[in-house]
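Those protein sequences? They're chains A and B, same order as listed. Under our numbering, the first sequence is numbered contiguously, ending at residue 471. Under our numbering, the second sequence is numbered contiguously, ending at residue 1686. From the three backbone atoms N, C-alpha and C, an ideal C-beta is built for every residue, glycine too. To keep things clear, I will list the structure first and then write my remarks on it.
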Amino acid sequence: MDQKPSGWSIKSFYKEAWQLVKTQKVLWLFGIAAGASTSFNVRGSNIFDADRFEKLFQSTPHGGDSVLGSSTSVVFDNLSYLFSAVPLWTYVVLVLEAVILFLIVIGIAIVFQNWATASLLHGISDAIHKRAVSIKTSSERAFANIVPLIRVTVVPYFLLGAFSLLVFVLLFLGISIADSTTKSLFGFLLTIGVLAFAIAVLLLTMTLIWAVRFVAIDNTSPKTALSQGFALTKAHFWRMLGLGIVNLLGSMLVFVIPVAILIGIIALGIISLDANKAFGSSLLMIGGTLVAIFILAIQLLSGVLTAFKATVWTLAYHIVHKKHD
Amino acid sequence: MTSAHKASFWYRLLASYLDFVLLTTLHMLFLNYAATQPTLPSAVSALVLYVLFFVVNPVMLLQSAILTYYFGGSLGKLLVGLTVTDEHGKRLLFKRVFFRQTIGYQFAALLFGLGYFSILKDPNRQGWHDKAVGSLVLVKRPLWIIGIILSIILTTAIVTLFINSIRAITTGPLQNEAQQLFIRTMMKMQLEKMQKIPQAEDATI
Chain A
147 MDQKPSGWSI
157 KSFYKEAWQL
167 VKTQKVLWLF
177 GIAAGASTSF
187 NVRGSNIFDA
197 DRFEKLFQST
207 PHGGDSVLGS
217 STSVVFDNLS
227 YLFSAVPLWT
237 YVVLVLEAVI
247 LFLIVIGIAI
257 VFQNWATASL
267 LHGISDAIHK
277 RAVSIKTSSE
287 RAFANIVPLI
297 RVTVVPYFLL
307 GAFSLLVFVL
317 LFLGISIADS
327 TTKSLFGFLL
337 TIGVLAFAIA
347 VLLLTMTLIW
357 AVRFVAIDNT
367 SPKTALSQGF
377 ALTKAHFWRM
387 LGLGIVNLLG
397 SMLVFVIPVA
407 ILIGIIALGI
417 ISLDANKAFG
427 SSLLMIGGTL
437 VAIFILAIQL
447 LSGVLTAFKA
457 TVWTLAYHIV
467 HKKHD
Chain B
1482 MTSAHKASFW
1492 YRLLASYLDF
1502 VLLTTLHMLF
1512 LNYAATQPTL
1522 PSAVSALVLY
1532 VLFFVVNPVM
1542 LLQSAILTYY
1552 FGGSLGKLLV
1562 GLTVTDEHGK
1572 RLLFKRVFFR
1582 QTIGYQFAAL
1592 LFGLGYFSIL
1602 KDPNRQGWHD
1612 KAVGSLVLVK
1622 RPLWIIGIIL
1632 SIILTTAIVT
1642 LFINSIRAIT
1652 TGPLQNEAQQ
1662 LFIRTMMKMQ
1672 LEKMQKIPQA
1682 EDATI
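Following this line, the structure appears as structure tokens:
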């Protein structure tokens, strides 16, 4: 029998989401993966070594000595000597490799992020409909959603970013070359531009909350998902904003309270050291141990939180989607 | 599911360790070559080639996916007689293999590698990366003895190469040249400083 979510109520979303998430550890894993993949850290970070080799041989003007000091020419001479045996073709190949590796790593990170998101949403959907949640079933269904999700998430942000960059560059150029009267007009336009950009990012983020669910849960095409997502955002803007703010405050509480307690214990330990060394040291040891445990647990905690928030939005999605049908 | 013998956690750990020592041996060979160069420029040239072949090379990132797709496993797995297949014992599609060897491994590494340790308790001996793509690691030929012997030999080779490299750097011609370069640099900087002082004094007078 399907579990029918109740009407739009943040309290009932939170209660229901907690019931679903607390028992489904697979959702925690996908929550960690969805969060971890945004800070994807692989050996791709080594590629930046290649850039340094190129920069080493950019000639500095001799006038730079008077600004940077005599040591610059000596260092440059030494580096020229050290790299004198490196053939030129090596630098060309290094740069090419670095660019290719960078693109591959970025591609992998984007696929990871979208696979994790799709898997999480499928897992949540299974949990809501009281089906068994497993890595295998969620992942298998997620494979079909990776490319559509990439189109839904990456393309709009890329287009918005490119358009905004162009507008800001033109405005900055206008400010730099215009006379004083026109400068203030460009300044005013820049302020409007910044506000408009912030509103556009907010609306896009809210649209994507629904759009990814249209793609993953209902297998809608990216274009339709975006337009339907935008329609839902327009219809439920203030409710979404309210839920988003509650989620944000909730996330802050989950992290801020433990951090505040830890800081309190460590601060008290430091202050007590002068008066009572044994008590102060004990507090510092306890604080240090708790910090270590917190660092170890933070990955799990953030995964549970990501899964919880995704479940809340998915429950909200079921409510608004059915109201619109 | 295939009825062939599924590889245990320890067998797979041996294969992974063999992969690690094979790659590290290559790294150490190159670094040892750089450390035994007669001059600093040639040592730096060797290091740049090392970065070119091992650090920045995209093939190093993709090599395990390529080997697994074409031969059924990474070099370590092949040497100990393991093979990676789908749940019916057939070859995996390339995109599944690529996903498994890149994203799958990252996923299994979450929570301090819990995805790998889950192989210990899983009835199908699958890690999280196996579950994500529907793969199994099977024992094609039980060559674990060869794996252990190779691991011991290569670990010894790595330690030997490392010690040789340190010895070559600290007692060989590179150290002398580095010291002379440092002394020359300090003298040059002192000289330039002394030459600038009379000019500054002239300016104030």
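Discussion item. Give the list of continuous beta strand (DSSP E) stretches no shorter than 3 residues that lie fully inside the region 1599-1649 of chain B.
Written reply: 1616-1620
Discussion item. Going by DSSP in three states, A/V172 sits in which element: helix, strand or coil?
Written reply: helix
Worksheet item: Roughly how many angstroms separate the alpha carbons of B/H1610 and A/I256, rounded to a whole number?
Response: The C-alpha of B/H1610 lies about 18 angstroms from the C-alpha of A/I256.
Worksheet item: Quick one: is A/Y227 near chain B, going by C-beta distance under 9 angstroms?
Response: Yes, contact with chain B.
Worksheet item: Since A/V239 meets chain B, which of its residues come closer than 8 angstroms, beta carbon to beta carbon?
Response: L1533
Worksheet entry | Separation of A/Q259 from B/P1604, as counted between CA atoms | Cα to Cα, the separation comes out at about 29 angstroms.
Worksheet item: Is the CB of A/Q374 under 9 angstroms away from at least one CB in chain B?
Response: Judged by the 9 angstroms Cβ criterion, A/Q374 is not in contact with chain B.
Practice prompt. Answer yes or no: do B/K1487 and B/V1620 have a C-beta to C-beta separation smaller than 9 angstroms?
Written response: Taking 9 angstroms as the Cβ cut-off, B/K1487 and B/V1620 qualify as a contacting pair.
Item to complete: Specify, as a first and last residue, the run of the alpha helix (DSSP H) that B/T1503 falls within.
Response: A small fix is needed here, since residue 1503 of chain B is Leu in this sequence, not Thr. From DSSP, the alpha helix (DSSP H) with B/L1503 extends over 1490-1516.
Worksheet item: Listed from N- to C-terminal order along the chain, which residues in the region 253-267 of chain A have their beta-carbon within a distance smaller than 7 angstroms of any beta-carbon of chain B?
Response: I254, V257, F258, W261
Worksheet entry | Own chain, CB closer than 6 angstroms to A/S155, minus 5 neighbours either side, in chain order | none
Worksheet item: Whose CA, out of A/G433, A/L225, A/I465, A/G177, lies closest to the CA of B/L1592?
Response: A/G177
Practice prompt. List the endpoints of the continuous alpha helix (DSSP H) containing A/D420.
Written response: 383-421
Worksheet item: Which stretch, first to last residue, makes up the alpha helix (DSSP H) that contains A/D272?
Response: 234-274
Discussion item. Can you look up A/T351 in the DSSP assignment and give me helix, strand or coil?
Written reply: helix
Discussion item. Quick test of the definition: if touching needs 3 or more C-beta pairs under 8 angstroms, does the region 336-345 of chain A touch the region 353-372 of chain A?
Written reply: Pairwise C-beta distances place the region 336-345 of chain A out of contact with the region 353-372 of chain A, as fewer than three of them are shorter than 8 angstroms.
Worksheet item: Does DSSP put B/K1571 in a helix, in a strand, or in coil?
Response: Coil.
Worksheet item: Around the C-beta of B/I1632, are 16 or more other C-beta atoms found within 10 angstroms, so that it is buried, or is it exposed?
Response: At residue 1632 of chain B the sequence reads Ser, which differs from the Ile that was named. Around the beta carbon of B/S1632, a 10 Å sphere encloses 16 or more other beta carbons of the protein chains shown; the residue is thus reported as buried.
Worksheet item: Ordered along the chain, which non-local residues of its own chain (more than five positions away) have a Cβ less than 8 angstroms from that of B/G1596?
Response: The residues are F1588, A1589, A1590, G1608, W1609, H1610.
Worksheet item: Based on the DSSP secondary-structure assignment, which residues constitute the bridge partners of B/K1487?
Response: B/L1619
Fill in: Against chain A: residues of the region 1592-1613 of chain B by CB proximity under 7 angstroms
L1592, W1609, K1612, A1613
Worksheet item: In angstroms, rounded to a whole number, what distance separates the CA positions of A/V405 and A/F440?
Response: 9 angstroms
Fill in: Between the CA atoms of A/L266 and A/S284 - distance to the nearest angstrom
7 angstroms
Worksheet item: Taking just the CA atoms, how far does A/V358 sit from A/T299?
Response: C-alpha separation (whole angstroms): 8 angstroms.
Worksheet entry | Proximity below 9 angstroms, CB of B/T1520 to CB of A/A231 | yes
Discussion item. Buried or exposed for B/M1509, going by 16 or more other Cβ atoms inside 10 Å?
Written reply: Under a 10 Å Cβ-count criterion, B/M1509 is classified as buried, with 16 or more other Cβ atoms of the shown protein chains found around its own Cβ.
Discussion item. Using DSSP's beta-bridge definition, name the partner residues of B/L1436.
Written reply: Outside the shown range of chain B (1482 to 1686) lies residue 1436 of chain B, about which nothing can therefore be said.
Item to complete: If I'm right that B/G1553 touches B/T1564 with Cβ under 8 angstroms, what's the distance once you round it to whole angstroms?
Response: Indeed they touch by this definition, with Cβ atoms about 4 angstroms apart.
Practice prompt. Report all residues from its chain with a CB closer than 6 angstroms to the CB of B/L1672; omit the five preceding and five following residues, and keep chain order.
Written response: Setting aside the 5 residues that flank it on each side, B/L1672 has no residue in the same chain whose C-beta is closer than 6 angstroms to its C-beta.
Worksheet item: Closest Cβ-Cβ distance between B/F1643 and chain A: below 9 angstroms?
Response: no
Item to complete: Give the single residue among A/L387, A/T327, A/T366, A/I444 whose Cα lies nearest to the Cα of A/L349.
Response: A/L387
Item to complete: Compare the C-beta of A/S448 against all C-beta atoms of chain B and say whether one is closer than 9 angstroms.
Response: Under the 9 angstroms criterion on CB atoms, A/S448 is classed as non-interfacial with respect to chain B.
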